[in-house]
Amino acid sequence: MAHAAPLSAPRAEQGLGVYTQKLGMWVFLASEVMFFTALIGSYIILRWGSAESWPVPHEILAIPITALNTFILICSSVSMVKAYAAATQDDQKGLRRWLLLTVIGGATFVGVQAFEYHHLISEGLLPSGIREGSALAARLVDTGKVSATAAGLFGSAFFTMTGFHGFHVTCGVICMTFVTIKAFRGGYRGGRYHGIETIGLYWHFVDLVWIILFTIVYLI
Amino acid sequence: MTAAAMPQGAGLHAGHDDRPWIRRYVFSTDHKTIGIQFLFLSLFFLLAGGLLAMVIRWQLGFPGTPVPGGSILPDAMAPGGVIRPSFYNALVTMHGTFMIFFAVMPLLTGVFANYLIPLKIGAPDMAFPRLNMWSFWLMIPAGTLALAGFFVEGGTAAAGWTAYAPLSNSPLYTGVSAGQVLWCLAIVIFGASSLLGSVNYVTTVINLRAPGMTWMRLPLSVWALFITAILALLAVPILAGAIIMLLFDQVLGTHFYLPTGGGQPLLWQHLFWFFGHPEVYILILPAMGLVSDVIANGSRKPVFGYPTMVAAIGGIAFLGFIVWGHHMFVSGMNPRLGTTFMASTMLIAVPTSIKVFNWLGTMWRGNIHFHVPMLNAIGFLSMFVIGGLSGIFMAATPVDMYIHDSYFIVAHIHYVLFGGSLFAAFAGIYYWFPKMFGRRMDERLGRIHFALTFVFYNLTFFPMHLLGLGGHMRRIYDPTQYPFLAPLQPINRFISVSAFLLLTSQLPFAFNFFRSLFRGERAEINPWRDNSLEWTLPSPPPHGNFAATPTVYRGPYEYSVPGEVEDFLPQDRPARAAAEAH
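So the protein lines, in turn, are chains A and B. According to this note's numbering, the first sequence is numbered sequentially starting from -17. According to this note's numbering, the second sequence is numbered sequentially starting from 93.
Here's what the structure looks like:
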C-alpha cells in the first residue's frame, strides 16, 4: 500500500480526516474480521452441535508453551506501539530497534507454532483427526476418553483456525521485514510515519485475533 | 488539490502520456483501463455462461437427442453429442458460477465501480491504483481455474453453484474430485480480487471526493457502488472461509461438513447463504444505481426523492444481512425461526418499493427521451418489478415450501438477474460507451437489440413460472422421465427455442459493440447532456482524469432547472442564477 503514496494526501474538507492508507487498512480489517468470524463461528457451531463430548484441549495441546508464545506475540504488539511512538518523535534509532524487536517477536511466534504443529502431528493429531495407532490415540481414543469423531472435528478446526492465523502472522512478518529495511534506510524520517501506523494496525489486529483464538481453542 | 498530491502523470493530457505500452494497456494502474479490462473479461464469461445455458436448454427441450455440433465433445461429456447426466450437472453448476462470479459481478462492480467512481467524484484515480490492478489480474487465474475444470479427469464441479455439502465435498456423490477443488480455488482467488476492489471503492469514495462533492451530492450510481462495496467487503470473506473449509474437507480430510465425521452439512448452507443473500444485492444494487442515473437523464428531471433513494439503498443492504434463512425454509429449521426470516425478508419490499415508485416518480410527466440506455433502463424497471413480486412468493414460508427448488425460483432469479442486472448493465454499456471509447454505439442496432432481447427474454423466462408451479424441479436432467411432467414438455420446448433466439438477439449487440469500437461515430464530450463530472472530460478522458480538481456546486440531477437556457446544469458549473441575483 506504500506505493499509493502520491495519492495519499488527504482532502480534509471531504474525507473523514483519516489519511487514505490508514482508512484503507481499517476497511481491509473489517473484511478480515468477517473472515475470522466465519472460522470461529463454525468452530462454535461444530463444538456445541457435537453429539460426542468435545476433547478437553489441555489433554491434547501444550498450554504452557502456547501461553508463552501468546506472551511473546503480545510483547511484539507492545514493541510495535513503541516503534510507532518513536516514529512520531522522529527517533530513528528507537524506531529501528523496536521494529527489529517486533519482527523477532512475530518470527518467534511463527517458529514456535511450527514447532507445535510438528510436535502435534508426530503425536498423532492431524487435520483429519487423531491418527490410528499414534501415541495420542493410545492415550485418548483407545481409553475411551475422547471419541474419534469429536477428536476429528477438533483437529479440523484447530489446524484451520490456528493455521490461518499463523498465515496472517507470517504475512505480517514479511511486510514488517520490508518496513524494517526501509526504516534502516531512513525511509520514515521527518515525520513520514504513516506506513508504520498502518502496518501497526494490522499487527495489533492479528494479535487480537490470537487472544480470541487462544482463549476459545486452548483454554475453554 | 496541489499538483504534488496528484499521481504520477496526472494532470497530463492524452498524448503527453509517457507510460510504456505495457503499463498503459496491460498492467495499467489507471482505473479507466482496469474498468475496460473488466468489461472484456465479463463479456467473455457472459458469452461462455450463455453458451452453457444453450446446451442446458437443448437437453431440457429435446432430451436424449444429440446437441447440434455436440459431437466434438469428448465421450466423458456427451457421447455422440448426447449430454450425459453428469455433464448436465456440470453445465448447470458452471453456468451459475460463470454468470454470477465472472460475468455479472465483474460487469457491474468491476467495470462500473472502477470506471465511474473516480470520474464521478472528481478524483484522479482510485485510492490504491496498484491494488486495483491486482484486483483485475487476480481474475485471470481465477477464471482460468474455473475454466480448467472442464479439462480435468472427472470433469468440472457438478454440485451446483451453491455447492451444497456433502454433495460438494466428496467425489462419492458427483464423481468429481479435481474439478471441485479447482472450483474452490477459483472462487477463493475471485474473493481476493473482490476484496482488493472493495477496499479501493470504499476508501476512494470516503476520502477522494472533490471539494463540494458532499455525500448528498453523490450520483446514486456512486452511492449504490459504495454500499455494494461494503456488502462485498463483509460478505465475500464469509464465502472464502466457508469454501476454504470445503476445500480442506476435500484435500486434507477434515470433516467440517461431513456428517460421517461429525460435521454439519447445514453449517455450509448457513455460511453460504450468509454470503449468498448479500450477494443478491451485490448483483442488483449497482444496477439500481446505474438505472437511477439513466432514468433521470432520459426523463430530463431530477431523481424523485433522492434522500429516500439513498436511505433505501442502505436499508436494502442492512436487511440483506438478516434474511439468509429464507433460502433454507425446507432445511428443517424451527418454524419460529422461519417466521422471523419471513418477516425480515418481507421488510425488504419496503425500501425496494420506495426505489421503484421513485423511479416512476422521476419519469412521471418527464420530457422522456427514449434513447437506447433509457429503453434498457425501462426494461430493467419493468422486469425487476416482476422479479421482485415473484420474490415475495418465495419469502412466504408456506408458499416457498411448495415452490422451493422448482423452476419458479429459476424464473425468479432470471427476472432479477437478467431482467434486472443485465438490462441495467446494457443500459450502462450503451450510456458510458462513448466516454470509454470516444465513439458512439449505433442507435438503430441498439434499439433492435433491446426490442429482440426484451421479447425473447420474456418468452424464455416467463413460462418458467408455469413450469415451477407445475412441479418441474430446478436441476433435472430429463423431465420426460416423470409422467406428471410430460404435459409440460411443450412449454420446455418453447422455452428452449426462445432461449436460442435470445442468444441470437445478442448478435446485434456484439456487432454494434465491436464495430463501434473502431468505426463508431466520434463522441462529443457530453452526448447525453448529463450533469455528472465525467461528462466535463474529453471522451475518452486522459490519464489522470482532471487537469485541475473540479469544484462541485450542486447535486447530479439538476435537469430542466427553471430559468436555465439548457435543460441540464453540470455539477461543476458555478451557479449563474445565484450570481446574477446578487
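Cβ coordinates follow ideal geometry from the N, Cα and C atoms, glycine included.
| query | Going by the beta-carbon positions, is the gap between histidine 635 (chain B) and aspartate 167 (chain B) smaller than 8 Å? | reply | No, these two residues do not count as a Cβ contact at 8 Å.
| request: Give me the Cα-Cα distance between alanine 97 (chain B) and alanine 69 (chain A), rounded to the nearest whole angstrom. | output: Model confidence at alanine 97 (chain B) stands at a pLDDT of 38, short of 50, so the residue's coordinates are unreliable and nothing is read from them.
| field | Between the CA atoms of glycine 412 (chain B) and proline 582 (chain B) - distance to the nearest angstrom | value | When rounded, the distance between both Cα atoms is 38 Å.
| Beta bridge counterpart(s) of isoleucine 587 (chain B) as assigned by DSSP | For isoleucine 587 (chain B), which the question treats as bridged, DSSP gives no partner whatsoever.
| Closer than 8 Å, CB to CB, is histidine 347 (chain B) near chain A or not? | Using a CB distance cut-off of 8 Å, histidine 347 (chain B) counts as an interface residue toward chain A.
| CB contact check: glycine 148 (chain A) to chain B, cutoff 8 Å | No - not a single Cβ of chain B is within 8 Å of the one on glycine 148 (chain A).
| field | Contacts around isoleucine 587 (chain B), its chain only, beta-carbon distance under 6 Å, and the 5 residues preceding and following it disregarded | value | Excluding positions up to five away in sequence, the list reads Thr552 and Pro555.
| field | Exposed unless 16 or more other CB atoms sit within 10 angstroms - verdict on threonine 461 (chain B) | value | A small correction: the amino acid at residue 461 (chain B) is histidine; threonine does not occupy that position in the sequence shown. By the 10 Å Cβ count, histidine 461 (chain B) comes out exposed.
| task | May I ask which residues mark the beginning and end of the alpha helix (DSSP H) holding lysine 164 (chain A)? | result | Taken as a continuous stretch (DSSP letters only), the alpha helix (DSSP H) holding lysine 164 (chain A) covers 130 to 166.
| said: For the pair the segment 456 to 476 of chain B and the segment 381 to 388 of chain B, tell me if three or more CB-CB distances fall below 8 Å. | reply: Under the 8 Å Cβ criterion, the segment 456 to 476 of chain B counts as touching the segment 381 to 388 of chain B, having at least three qualifying pairs.
| Does any CB atom of chain A fall closer than 8 Å to the CB of threonine 295 (chain B)? | Taking CB atoms only, threonine 295 (chain B) has a neighbour in chain A less than 8 Å away.
| field | Three-state class that DSSP yields for phenylalanine 676 (chain B) in the structure shown | value | The question about residue 676 (chain B) has no answer here: the residues shown for chain B are numbered 93 through 674.
| query | Is it right to say alanine 102 (chain B) is buried, meaning 16 or more other beta carbons lie within 10 angstroms of its own, or is it exposed? | reply | Because alanine 102 (chain B) sits at a pLDDT of 40, beneath the cut-off of 50, its placement in the model cannot be relied upon, and the point is left open.
| field | CB contact below 8 Å: serine 24 (chain A) versus chain B | value | Chain B, which has a Cβ nearer than 8 Å to the Cβ of serine 24 (chain A), makes this yes.
| By Cβ distance below 7 Å, which residues in the same chain neighbour isoleucine 376 (chain B) in space, the five residues on each side in sequence not counted? | Cβ within range, chain order: Val508, Gly512 and Ser513.
| message | Can you confirm whether glycine 173 (chain A), when its beta carbon is compared against all beta carbons of chain B, has any partner nearer than 8 Å? | response | Contact of glycine 173 (chain A) with chain B is not assigned, every C-beta pair being separated by 8 Å or more.
| request: My understanding is that leucine 338 (chain B) touches cysteine 276 (chain B), with C-beta atoms under 8 Å, so please give their C-beta distance in whole angstroms. | output: With a Cβ gap of about 6 Å, leucine 338 (chain B) and cysteine 276 (chain B) count as contacting.
| task | Let me know the secondary structure DSSP gives methionine 565 (chain B) once reduced to three states. | result | The answer is strand: DSSP assigns methionine 565 (chain B) an E or B state.
| message | For a test of the three-state rule: what should DSSP assign to serine 286 (chain B), helix, strand or coil? | response | When DSSP states are grouped into helix, strand and coil, serine 286 (chain B) belongs to the helix group.
| query | Given that aspartate 109 (chain A) touches chain B, what residues does it touch there, using C-beta distances under 8 Å? | reply | For clarity, residue 109 (chain A) is proline in the given sequence; the question names aspartate instead. Chain order gives the chain B residues near proline 109 (chain A) as Phe340, Leu344, Gly345 and Thr346, where near means a beta carbon separation below 8 Å.
| request: Determine the contact status of methionine 186 (chain B) and threonine 248 (chain B), defining contact as a CB-CB distance below 8 Å. | output: For the 8 Å CB-CB criterion, methionine 186 (chain B) and threonine 248 (chain B) form a contact.
| field | aspartate 189 (chain A), enclosing alpha helix (DSSP H) - first and last residue | value | Its alpha helix (DSSP H) spans residues 176 to 195.
| query | Any contact of the segment 217 to 224 of chain B with the segment 322 to 334 of chain B, i.e. 3+ C-beta pairs under 8 Å? | reply | As far as the Cβ criterion goes, the segment 217 to 224 of chain B does not touch the segment 322 to 334 of chain B, which means the pair count is below three.
| request: Look up leucine 107 (chain A) in the DSSP assignment and give the residues it is bridged to. | output: Residue pairing of leucine 107 (chain A) in beta bridges, as defined by DSSP: A:Ile112.
| query | If we ignore side chains and look at the alpha-carbon of each, how far apart do threonine 596 (chain B) and leucine 183 (chain B) end up? | reply | Roughly 20 Å between the two C-alpha positions.
| query | What are the residues that DSSP puts in a beta bridge with threonine 248 (chain B)? | reply | Residue pairing of threonine 248 (chain B) in beta bridges, as defined by DSSP: B:Gly271.
| Cβ atoms of alanine 205 (chain B) and leucine 317 (chain B): under 8 Å apart, would you say? | In this structure, the beta-carbon distance from leucine 317 (chain B) to alanine 205 (chain B) falls below 8 Å.
| task | Please go through the same chain and pick out, in chain order, the residues whose beta-carbon is closer than 6 Å to the beta-carbon of leucine 312 (chain B), but skip the five residues on each side of it. | result | Within the same chain, Cβ atoms closer than 6 Å to the Cβ of leucine 312 (chain B) are found at Gly381, Ser384 and Met401, the five residues on either side in sequence being excluded.
| message | Quick check for students: name the residue ranges of the alpha helix (DSSP H) that lie wholly in the segment 481 to 569 of chain B, counting only runs of 4 or more. | response | Qualifying alpha helix (DSSP H) stretches, in chain order: 489 to 495, 499 to 508, 515 to 529 and 535 to 561.
| field | Simplified DSSP state of arginine 614 (chain B), which is helix, strand or coil | value | Strand.
| request: Go through the segment -7 to 39 of chain A residue by residue and report every complete run of the alpha helix (DSSP H) that reaches 4 residues or more, in order. | output: DSSP runs (the alpha helix (DSSP H)) wholly in the segment -7 to 39 of chain A: 2 to 31.
| query | Should leucine 77 (chain A) and tyrosine 170 (chain A) be called a contact, given that it needs their Cβ atoms to be closer than 8 Å? | reply | Their beta carbons are under 8 Å apart, which means leucine 77 (chain A) touches tyrosine 170 (chain A) by this criterion.
| query | Does the segment 524 to 534 of chain B come close enough to the segment 140 to 150 of chain B to have 3 or more Cβ pairs within less than 8 Å? | reply | Short answer: they don't touch.
| said: Rounded to whole angstroms, what is the Cα-Cα separation between proline 490 (chain B) and histidine 419 (chain B)? | reply: Between the alpha carbons of proline 490 (chain B) and histidine 419 (chain B) lies a gap of roughly 13 Å.
| Taking the alpha-carbon positions, what's the tryptophan 416 (chain B) to arginine 176 (chain B) distance? | If I take the Cα positions, the gap works out to 33 Å.
| field | Nearest-angstrom beta carbon gap, tyrosine 66 (chain A) and glycine 182 (chain A) [assumed within contact, 8 Å] | value | Right, the Cβ-Cβ distance comes to about 5 Å (below 8 Å), so this counts as a contact.
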